[in-house]
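What follows is a set of notes on a single structure, which appears directly below.
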Amino acid sequence: VLLTGDSDSVTVGTPTVANASVSAVITRQAKSKKITVFKYKRRKGYRRKRGHRQPFTEVRVQSIYA
14 VLLTGDSDSV
24 TVGTPTVANA
34 SVSAVITRQA
44 KSKKITVFKY
54 KRRKGYRRKR
64 GHRQPFTEVR
74 VQSIYA
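Residue numbers (this note's numbering): 14 to 79.
Written out as structure tokens, the structure reads:
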């Protein structure tokens with residue numbers, strides 16, 4: 014946790030806030046939209062087409078304990 018605060022005070026960590034933790038739940042794991050990677054060299058007959066989908070994890074933070 015890098016920073017915690019409420020209506021009265023703010024605590025900035027150096028580099029993190031001591032004894033602070035986060036409670037979170039994984040909501041889903043999926044892949045992002047597909048992108049096309051195309052490599053090409055002119056006049057050489059070299060062409061490569063490849064797709065890529067980056068996996069990601071979506072997390073919901075339930076509470077921050079500071």
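Where a beta carbon is used, it is the ideal one built from N, C-alpha and C, also for glycine.
Note to self: Can you give me the C-alpha to C-alpha distance between leucine 15 and threonine 49, rounded to a whole angstrom?
What the structure shows: Numbered from its first residue, the sequence shown carries residue 15 at position 2. Numbered from its first residue, the sequence shown carries residue 49 at position 36. Computed Cα separation, rounded: 36 Å.
Checklist line | C-alpha gap between alanine 43 and alanine 37, whole angstroms | finding: Working through the sequence shown from its first residue, we reach residue 43 at position 30. Working through the sequence shown from its first residue, we reach residue 37 at position 24. Roughly 17 Å separates the two Cα atoms.
Notebook entry, point to check: Is it the case that the Cβ atoms of serine 45 and phenylalanine 69 are separated by a distance below 7 Å?
Noted result: By 1-based counting over the sequence shown, the position of residue 45 is 32. By 1-based counting over the sequence shown, the position of residue 69 is 56. Yes, the pair counts as a contact, with Cβ atoms nearer than the cut-off.
Check: Do arginine 60 and lysine 47 have their C-beta atoms within less than 7 Å of each other?
Finding: The residue you call residue 60 lines up with position 47 of the sequence shown. The residue you call residue 47 lines up with position 34 of the sequence shown. No. Outside cutoff.
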